[in-house]
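Protein chains in written order, with this note's numbering: chain A, 24 to 255; chain B, 24 to 255. Contents: one structure, followed by commentary.
Here it is as structure tokens:
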């Protein structure tokens, strides 16, 4: 059965749209069961409606604690039939930390994408932090979510060159080009049971030893993107 | 005139040897004036002798403070005729922090290479930190030295893939392959006056806009290595 997905988001949802497109084109074996936003005007909710996916705006102000809020989300997710055994929770620009209680419901089943080469530049605006620091290489990271922010075990990382005179907006766009390929790829690996956890290390199963890491467009992505995920 | 170099080191000196080789082959326009070690048994001192370069072991225990020790180094360096205008100080595995007084003698003329994608993994054993963290991409950084450790403006960075089961020793070797190309390249750019400082950002002058960043061996290096520095 396809991996059941719950998507949490707060914003425009371009990574969410890329996931939808990879499902539609048949390369990502997953099924969107529900989309939840903590922001009423999140563009990602409009995408969910466009695709006809079940979607909810859940207002944090109506809950007295993060614990209660997250319990409400878990309840919505479980009501779709999604469990820790058949599904995963995908954070796609979700601007809240998820609680330990939430994570306990979906152990090793909550993924996030962060726009930096972690552990550099955790937190908000990873791309701006990179530009301001003056790094020559920047990128993004898909990782398992743990309670500590942006600190979970890493599934895939991608890097590319930044020119010295780059501005934040351009950097955001360059890094999104990688995110939109890498996040669907990481979810597909999870869907196929190919991610083995060894302490902090994530081993991709059933893959050849890497001999070439370079994808299209001068991305350096590891593990390399597979067929269907690296299109121009 | 070729850029005059003082090299400070504490260990085996493989980056120092690569600098010597690039000078000998004519691609790096620089001249080693003196090599100084804070360790009597540093392999780098043997390399200096092999090449016939002036070399000193200066014992920190004979000085009552870092300030006095660094003043002795400055004196040795100045005695060779090397100044802030004609030369540079190259830290090549030098396991001491240089003082503000030392840096004031050579403003924007002290370089270091660090085996991580800074600002990740500052301090000792950057490669081991990367392996233990479980990153999928690792690399190295050449930067101007400021008083804060591993925090100066970045000249060049290089990344490559790490397999999930890699050990520290293998990672050290993979990263050294990049270091040995990137450090001579960065020094050559300094020698030719091609590094312009804009706040925290280092702009490489007289170069084409990058269209391809990928060098040999699946390195991603930015700015890209130029002719003579990327050999297999």
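Beta carbons are placed, not taken as given, at the ideal position from N, Cα and C, and that holds for glycine. All values derive from a computational prediction rather than experimental measurement.
Within 10 angstroms of its Cβ, does residue i collect 16 or more other Cβ (buried), or is it exposed?
i: residue 229 of chain B; result: exposed
i: residue 80 of chain A; result: exposed
i: residue 16 of chain B; result: What is shown of chain B runs 24 to 255, which leaves residue 16 of chain B out entirely.
i: residue 73 of chain B; result: exposed
i: residue 162 of chain B; result: buried
i: residue 130 of chain B; result: exposed
i: residue 147 of chain A; result: exposed
i: residue 202 of chain B; result: buried
i: residue 48 of chain A; result: exposed
i: residue 75 of chain B; result: exposed
With DSSP as the reference, identify every bridge partner of residue i, one or two as the case may be.
i: residue 79 of chain B; result: B/59
i: residue 27 of chain A; result: A/54, A/110
i: residue 245 of chain B; result: B/180
i: residue 136 of chain B; result: B/165
i: residue 105 of chain A; result: Per DSSP, none; premise fails for residue 105 of chain A.
i: residue 96 of chain A; result: None; residue 96 of chain A has no bridge partner.
i: residue 141 of chain A; result: For residue 141 of chain A, which the question treats as bridged, DSSP gives no partner whatsoever.
i: residue 32 of chain B; result: B/60
Sorted by chain position, which residues of the same chain lie with C-beta nearer than 6 Å to residue i's C-beta, five sequence neighbours on each side aside?
i: residue 234 of chain A; result: Unreliable placement is indicated for residue 234 of chain A, whose pLDDT of 46 sits below 50; no coordinate value is reported for it.
i: residue 89 of chain B; result: 122
i: residue 54 of chain A; result: 25, 27
i: residue 103 of chain A; result: 56, 57
i: residue 223 of chain B; result: 176
i: residue 83 of chain A; result: 61, 92
i: residue 257 of chain A; result: Residue 257 of chain A is absent from the structure shown; chain A starts at 24 and stops at 255.
i: residue 43 of chain B; result: 74
i: residue 78 of chain B; result: 58, 68, 71
i: residue 31 of chain B; result: 59, 114, 117
Might you give, ordered along the chain, the residues of its own chain that have their beta carbon closer than 8 Å to the beta carbon of residue i, omitting 5 neighbours on each side?
i: residue 225 of chain B; result: 167, 176, 177, 178, 218, 219
i: residue 142 of chain B; result: 173, 174
i: residue 185 of chain A; result: 153, 154, 158, 159, 160, 161, 194, 197
i: residue 63 of chain B; result: 80, 82
i: residue 241 of chain A; result: 183, 184
Nearest to residue i by CA position, among the options, is which residue?
i: residue 92 of chain B; options: B/202, B/120, B/156, B/196; result: B/120
i: residue 65 of chain B; options: B/117, B/202, B/143; result: B/117
i: residue 107 of chain A; options: A/125, A/115, A/114; result: A/125
i: residue 227 of chain A; options: A/31, A/97, A/135, A/180; result: A/180
i: residue 190 of chain B; options: B/151, B/199, B/165; result: B/151
i: residue 188 of chain B; options: A/127, A/221, A/109; result: A/221
i: residue 247 of chain A; options: A/214, A/213, A/205; result: A/205
i: residue 138 of chain B; options: B/128, B/101, B/111, B/182; result: B/182
i: residue 29 of chain A; options: A/244, A/47, A/132, A/149; result: A/132
i: residue 335 of chain A; options: A/145, A/165, A/251, A/156; result: For chain A, the structure presents residues 24 to 255; residue 335 of chain A sits outside this window and is missing.
i: residue 169 of chain B; options: B/71, B/211, B/112, B/252; result: B/112
i: residue 70 of chain A; options: A/83, A/36, A/99, A/62; result: A/36
i: residue 127 of chain A; options: A/97, A/249, A/60; result: A/97
i: residue 215 of chain B; options: B/110, B/75, B/32, B/105; result: B/110
i: residue 41 of chain B; options: B/100, B/210, B/33; result: B/210
i: residue 101 of chain A; options: A/68, A/140, A/63, A/59; result: A/59
i: residue 251 of chain B; options: B/212, B/156, B/140; result: B/212
i: residue 134 of chain A; options: A/34, A/165, A/200; result: A/165
i: residue 67 of chain A; options: A/77, A/33, A/156; result: A/33
So, for residue i: in the same chain, excluding its five sequence neighbours on each side, which residues have a beta-carbon less than 7 Å away from its beta-carbon?
i: residue 45 of chain B; result: 51, 207
i: residue 95 of chain A; result: 81, 86
i: residue 38 of chain B; result: 115, 116, 136, 202, 203, 206
i: residue 149 of chain A; result: 137, 138, 139
i: residue 105 of chain A; result: 27, 29, 56
Extract the residue ranges of the beta strand (DSSP E) inside the segment 160-240 of chain B, only unbroken runs of 3 or more that lie entirely within it. 160-167, 177-184, 218-221, 224-227
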